[in-house]
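Protein chains: 2
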Amino acid sequence: MGDSEHAWKGTAYPIVPLIPDDRERRLVMTAPGGQHGSRLDPWMQSYARRTTGMTASEIRALFAVASRPEVISLAGGMPCLTALPMDTVATTVARMLSTQGLTALQYGSGQGDPTLREQILEVMALEGISASADDIVVTTGSQQALDLVTRIFIDPGDVVLAEAPSYVGALGVFAAYQAQVAHVTSDDDGLVPQALEERIVALKAAGKRIKFLYSVPTFHNPAGTTLSLARRPQVVEICHQHGILLLEDNPYGLLGFKGEPYAAMRTLSEEGVIYLGSFSKTFAPGLRVGWALAPHAIREKLVLASESAILCPSAYSQMTVSTYLATCDWMAQIKVYRELYRERRDAMVDSLGSLLPQATWTHPEGGFYVWVTLPEGVNAKAMLPRAVTERVAYVPGTAFFADGTGQRNVRLSYCYPDPDRIREGVRRFAGVVQTELDLLETFGPYDATGRGAGPSTGVQSPAPDLS
Amino acid sequence: MGDSEHAWKGTAYPIVPLIPDDRERRLVMTAPGGQHGSRLDPWMQSYARRTTGMTASEIRALFAVASRPEVISLAGGMPCLTALPMDTVATTVARMLSTQGLTALQYGSGQGDPTLREQILEVMALEGISASADDIVVTTGSQQALDLVTRIFIDPGDVVLAEAPSYVGALGVFAAYQAQVAHVTSDDDGLVPQALEERIVALKAAGKRIKFLYSVPTFHNPAGTTLSLARRPQVVEICHQHGILLLEDNPYGLLGFKGEPYAAMRTLSEEGVIYLGSFSKTFAPGLRVGWALAPHAIREKLVLASESAILCPSAYSQMTVSTYLATCDWMAQIKVYRELYRERRDAMVDSLGSLLPQATWTHPEGGFYVWVTLPEGVNAKAMLPRAVTERVAYVPGTAFFADGTGQRNVRLSYCYPDPDRIREGVRRFAGVVQTELDLLETFGPYDATGRGAGPSTGVQSPAPDLS
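Chains as they are written, first to last, in my numbering: chain A, 179 to 645; chain B, 179 to 645.
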């Protein structure tokens, strides 16, 4: 917690941790030949203040390289769609278009298809949620729901609380709306309630306006942890006591590897929680269908904000999902996904156990990610180019913090490569780490002016495959 | 022009013309039983400043009534999809999924599918545009492009120039980002260059920051007019002289009723124009596929903003469009649409000519809309409930101004109902207008405190069918 305290010094905004420093900005704004940005961009003086912090990540170019087939990517969060019965989906969609094409290809409701919203109730019921279809807003993936919630709540300088680490795509949205992100200490059981309470009290004492707590309580991205059942009511109660909204982001909740799904935080509070769901991981992300379930008054604002942003979500995508849910055995498909990801989780965790004894890592019970902590002195971002040279890619931990922490961490994904590729990827990764440790022993640790890249200084837009 | 000067008095923001006054806000925030909003919405104090102006239109509920089948809606902008060869589309999509399903259902590039971007070049070439696929960003309908452009350029209080009247969905976006909208006088040949020049000079003298001119130069929504070829270079030159970006919104450009398409404004300036295109009217809106073509540096910002907003546009929708373009005769389909809309335009204009001699209206050469000016004293918004009772719906003119003008105007759409329904709709509309004129003669004109609704006091989010 203490490591991000420096974020709260200084004026209300621009915000220290979210605006990259001049050195980084030049990386983006300067031409390779060294021309000043304004020579390249005649509109440079016209951008909004929020746009100043909007810079491409330095690791972006690297990920273009990492997408080559010889590189094993443990970086992306792409679901494994080979498990989908593609011919069944194709037949289903063709029938849907032939019978309901005029509706599917037309403008639809800004709030989303009523039939699909009813079906979403059934999906959420698996996590114990009881709600009204009228309180659901269908969005272009749950990323859009994140954007809309932030849009309606955040003025520049407002504070968003978030786990440490936190989903990089959410940090990008918070930065785009000039929020200050205050990370809250999290451990193997998720967010630490006492740390949350203390953080809130300290921020309020400093005169900050805290708008919401952003949390991925179940099968966390990137941490791979789950908020324990004991802590869930404590977190909800702390938020309630302090008048802070809880934004529960739950794309992985149905992808647990043992037993019944966890009850969502939303089951503990109807008025205090906005719940975000998605079909990206339980069906397919290319449809871009997610949703928000919100207290009624907030739902009204979300619909208006969404209409302003996109008029209406795609009826075509929504009716594809709706027809799939109505005519295919979607629960069996989720079971297929679960088994598949469990096998891959095992491959990754077993390989780490035999190949990387110098590190520690989390043991996910669901979802897509393992969070690795490397030995003291290793800089995961600086190490990445070498890893890509060795044909393995990962996401450096600093991407998941708004304040530059996470240098020793990496996120490894096991969702996309098959188990053999995972094992080979971990083998390559372990080799890179070992070389790094040998270098460290010989030359000493990195520093900001030494070899390799310095610490991260800001949240940067991820490439989409980092989702 | 002078009619919106009052907008520029007072403080920088909140902005007078875009934030509904208390009376209107209460309409939304107050429960039917009269409870104060804060009783209903415990989060009322938490919203961002931009959310204050986000209120549901009063005419929204009316349009729910207007969607009943007995009501002839001349309000919506829904394309006539019965003209699409639906079985061909269904077969095409099924084949696409069977052969490329793993890509179509997966996350894709934040910028948009490379193949589709190449095909978009061919579409834009019909309007004389020469560009690089690398400067195109695919969006969730061109509404999202509007949102992204506004997001990266507008700080609260910045000025957007717009035709008078202007597209309601764009005004909603500008309001959402707390822009001030300055309308520029427009006539049957579109935007008046001299008025544009004078408006810019006056705003600059008043210390305003003008960010861009928003224009629908071809087959305007709602005006039904087209910027003349003579004026196009003048408008581009005035923008260039004053360092103002031109945002050319062109969803209807290929739906002209005679001869070749107009050359886009983008053909006159590569560095000064962001061009927005859409497949919503030339193919189908339910796919939500539009695009922005932008100067390179701006395009980079748009991609980052879009990734923050939605991660990536739907690969499924994009590949559906891409496959349709590659395998179906899309130009023949556009010709079918043109003929169909020309017939409907004729039905509407002929009916107006025989049934509404008291009014004047525009004569669109393409697109979806006729802009009607009713006799002095008629308040089109106040008249709407009576019209719906008489089973005809339209959009009151005030929806298309940020400053409350347009009270005598209505937008009539001829895109969706067939010619017989259009003729019957105009007959009902003419009857309502005649009754109104009779009432006026008996009781005198409306005023803000008199019978019916007062003048509009702000831009309000449209229902999606108003697009």
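Every residue gets a Cβ at the ideal spot worked out from N, C-alpha and C, and that includes glycine. As the structure is a prediction and not an experimental result, all values here were calculated from the model.
With DSSP as the reference, please indicate the residues paired to A/D427 in a beta bridge. A/L454
Smallest Cα separation from B/E543: which of B/L562, B/L503 and B/K436? Of the candidates B/L562, B/L503 and B/K436, B/K436 places its Cα closest to the Cα of B/E543.
Roughly how many whole angstroms lie between the Cα atoms of B/S427 and A/Y519? The amino acid occupying residue 427 of chain B in the given sequence is Asp; Ser does not appear at that position. When rounded, the distance between both Cα atoms is 45 angstroms.
Those residues which DSSP pairs with A/L391 across a bridge: A/L339 and A/L424
Nearest chain A C-beta to B/M443 closer than 8 angstroms, yes or no? No, because no Cβ of chain A sits closer than 8 angstroms to the Cβ of B/M443.
Where does B/A311 fall in DSSP's three states? helix
What residues in the stretch 385 to 415 of chain B bring their beta carbon closer than 7 angstroms to a beta carbon of chain A? K389
Which residues in chain B sit within 7 angstroms of A/S224, going by Cβ to Cβ distance? Result: F331, K389 and L423.
Strictly under 8 angstroms for the Cβ-Cβ distance: is B/Y345 near chain A by that measure? no
List, in chain order, every chain A residue whose beta-carbon is nearer than 8 angstroms to that of B/L275. M264, V267, A268 and V271
Just reading off the alpha helix (DSSP H) that B/D365 is part of, what are its end residues? Looking at the DSSP string, B/D365 is not in any alpha helix (DSSP H); the run it does join, the beta strand (DSSP E), is Q358 to D365.
Any beta carbon of chain A sitting closer than 8 angstroms to that of B/G211? Because B/G211 carries a pLDDT of 32, less than 50, the predicted location of this residue cannot be relied on, and no value is offered for it.
Residues near A/Q321 by beta carbon distance below 8 angstroms, same chain, minus five either side: G347, V351, G468 and S645
CB contact below 8 angstroms: A/E202 versus chain B: Unreliable placement is indicated for A/E202, whose pLDDT of 29 sits below 50; the coordinate value is still reported in the next sentence. No, no contact with chain B.
Starting from B/V413, trace the alpha helix (DSSP H) in both directions and tell me its first and last residue. R409 to Q419
Contacts of A/Q356 in chain B (Cβ-Cβ under 7 angstroms): Here the premise fails: no neighbours, minimum Cβ distance about 10 angstroms.
Under a three-way DSSP split, which group does B/W508 fall into? helix
Using a Cβ cut-off of 8 angstroms, pull out every chain B residue sitting near A/G350, in sequence order please. E485 and S486
Count the other CB atoms within 10 Å of the CB of B/F397; is the residue buried (16 or more) or exposed (fewer)? buried
Excluding five sequence neighbours on each side, which residues of the same chain lie with their C-beta closer than 6 angstroms to the C-beta of B/D336? Shown here for B/D336: same chain residues with a beta carbon closer than 6 angstroms to its own, the five before and five after excluded, namely A357, R387 and K389 in chain order.
Quick check: what's the CA-CA separation for B/V548 versus B/P574? 12 angstroms
From the DSSP output, read off the bridge partner residues of A/A571. A/S251
Output yes if chain A places a C-beta closer than 8 angstroms to the C-beta of B/Q321; else output no. Closer than 8 angstroms to some Cβ of chain A, the Cβ of B/Q321 qualifies, so yes.
Does A/R605 come out as helix, strand or coil in the three-state DSSP assignment? helix
Below 8 angstroms on C-beta distance, what does B/M166 contact in chain A? Because residue 166 of chain B is not part of the residues shown, which for chain B are 179 to 645, the question remains open.
Answer yes or no: does any C-beta atom of chain B fall closer than 8 angstroms to that of A/T293? no
Which residues in chain E have a C-beta closer than 9 angstroms to the C-beta of B/S251? List them in chain order. Going by chain labels, chain E is absent from the structure shown, which instead holds the protein chains A and B.
Between the C-alpha atoms of B/R329 and A/L326, what's the straight-line distance to the nearest angstrom? 13 angstroms
Assigned secondary structure, A/L299 (DSSP; H/G/I helix, E/B strand, else coil): helix
Output needed for B/S634: all residues of its chain with C-beta closer than 7 angstroms, excluding positions within five of it in sequence on either side, in chain order. Reliability of the predicted coordinates at B/S634 is poor, the pLDDT of 39 falling under 50, and no value is obtained from them.
Check the Cβ-Cβ distances between A/Q536 and every residue of chain B, and say whether any is below 8 angstroms. no
To the nearest angstrom, how far is it from the Cα of B/V527 to the Cα of B/V413? 29 angstroms
Apply the 10 Å Cβ neighbour rule to B/F621 and answer buried if 16 or more other Cβ atoms are within range, or exposed otherwise. exposed
Look at A/K479 and B/T505 and say whether their C-beta atoms are less than 8 angstroms apart. With respect to the 8 angstroms criterion, A/K479 and B/T505 are not classified as neighbours on the basis of their beta carbons.
Does the Cβ of B/V243 have 16 or more other Cβ atoms within 10 Å, making it buried, or fewer, making it exposed? exposed
Shortest alpha-carbon distance to B/Q496 belongs to which of B/V316, B/D507, B/S251 and B/V481? B/V316
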